[in-house]
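Have a look at the structure below, then the notes.
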Amino acid sequence: MKAKLGMSPIAWWNDDLAELSDDVSLEECLAQSRSAGFTGMEMGRRFPNDPKIMLPILQEADVTLCGGWFSGTLVDEDMARNKDRIQPMIDLFKAVNAPCIVYGEVGRSIQGDRSKPLATKPRLSDDELKAYARRLTQFGEWCAEQGMPLSYHHHMAAVVETEPELDAFMRYSGEGIPLLLDAGHLAFAGGDVLRAIDNHHRRINHVHVKDVRMEVIEKLDRQKQSFLDAVALGAFTVPGDGSLDFGAIVERLAYYGYEGWFVVEAEQDPKKNPPLKMAQVGYKELMRVMTAAGYTVETQGFPNA
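Letter by letter, the sequence shown follows residues 1 to 305 in full-length UniProt numbering.
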């Protein structure tokens, strides 16, 4: 089985917490990640939106674009508005041969609002969730018809956060909206990562290997502290530096035949946790567990470089 290892630039620059950002260029971010062994990078705010500019940068770094976040609002806004907003991203991702667009629901979400405690996360009624899942399925089908599949990101502080919410969303939605499994977000929400893989492996098309520091999460006052407070306190980290058993997680994905990207997305303070060092820790641990699970990790970065 083949796998590819990528990173998210959120380890270098945090889009929601400016203070958790390192003053490095896109080129330096890519160079550090590639030197650690990663062949892919998800899109961040310092990436150009013009493929004619992006492709030479990726080629020079020997890195491929392995995904990127779209802030969806289908829980509240209509399909047409979301189609209009995602179309330029579809065009860009097709031009640079990215594998998928990560759909993150920001409608009603409190993930970017430090004034809103975790306990005040939005909750959908069963009827609302059914309607939402149907819209996401239709939207995912439309994006695939345009030539770019989506990957649905369950997320802390959003409408689909907990394992029961994820199970219901997957039950009400269809094959047209594949799943991004994020181990760290599911564990933070109190879910069982291995059980989620058992239940939803047929729909998983992208994986975020985010680790958590459970000692930080367990001390949170969810009536007072926000998701961004948790990030600032160090709730997330890279595999090999946290509480999750990625040996078991990767082995379970291998059991079901998952092939594709494993992306380290670990937002934390780059001054306390230097991104290059963290990238090296994460890569070493992932190579260890993926080799044990029978994966061959691809080493080629930019195609035909």
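Glycine residues also receive a C-beta, built at the ideal position from the N, C-alpha and C atoms.
Cβ-based neighbour list, residue i, same chain, cut-off 8 Å, excluding 5 preceding and 5 following
i, result
"residue 144", "150, 176"
"residue 197", "181, 204, 249, 252, 253, 256"
Status (buried if at least 16 other CB within 10 Å, exposed otherwise) for residue i
i, result
"residue 305", "Since pLDDT at residue 305 reaches only 49, below the 50 mark, its modelled position is unreliable, and no value is offered."
"residue 32", "buried"
"residue 110", "buried"
"residue 300", "exposed"
"residue 10", "buried"
"residue 53", "exposed"
"residue 39", "buried"
"residue 76", "exposed"
"residue 147", "exposed"
"residue 246", "buried"
"residue 23", "exposed"
Cβ neighbours of residue i in the same chain (closer than 6 Å, five flanking residues each side left out)
i, result
"residue 140", "150, 176, 177"
"residue 36", "279, 280, 283"
"residue 162", "189"
"residue 306", "Here the chain covers residues 1 to 305 and nothing more, so residue 306 does not appear."
"residue 170", "200"
Helix, strand or coil at residue i according to DSSP, with G and I counted as helix
i, result
"residue 152", "strand"
"residue 3", "strand"
"residue 305", "With a pLDDT of only 49 at residue 305, under the threshold of 50, the placement of this residue in the model should not be trusted; the figure read from the coordinates follows. If DSSP states are grouped into helix, strand and coil, residue 305 belongs with coil."
"residue 289", "helix"
"residue 100", "coil"
"residue 93", "helix"
"residue 391", "It is not possible to answer for residue 391, since the shown part of the chain is limited to 1 through 305."
"residue 207", "strand"
"residue 253", "helix"
"residue 137", "helix"
"residue 184", "helix"
Euclidean distance between Cα positions of residue i and residue j
i, j, result
"residue 12", "residue 28", "10 Å"
"residue 106", "residue 15", "14 Å"
"residue 218", "residue 239", "19 Å"
"residue 112", "residue 212", "19 Å"
"residue 87", "residue 93", "10 Å"
"residue 158", "residue 276", "30 Å"
"residue 222", "residue 303", "45 Å"
"residue 43", "residue 30", "11 Å"
Own chain residues within Cβ distance below 7 Å of residue i, not counting five before or after
i, result
"residue 290", "3, 250, 297"
"residue 136", "74, 152, 173, 177"
Segment contact flag, the stretch 251-266 with the stretch 186-206, C-beta cutoff 8 Å, min 3 pairs: yes
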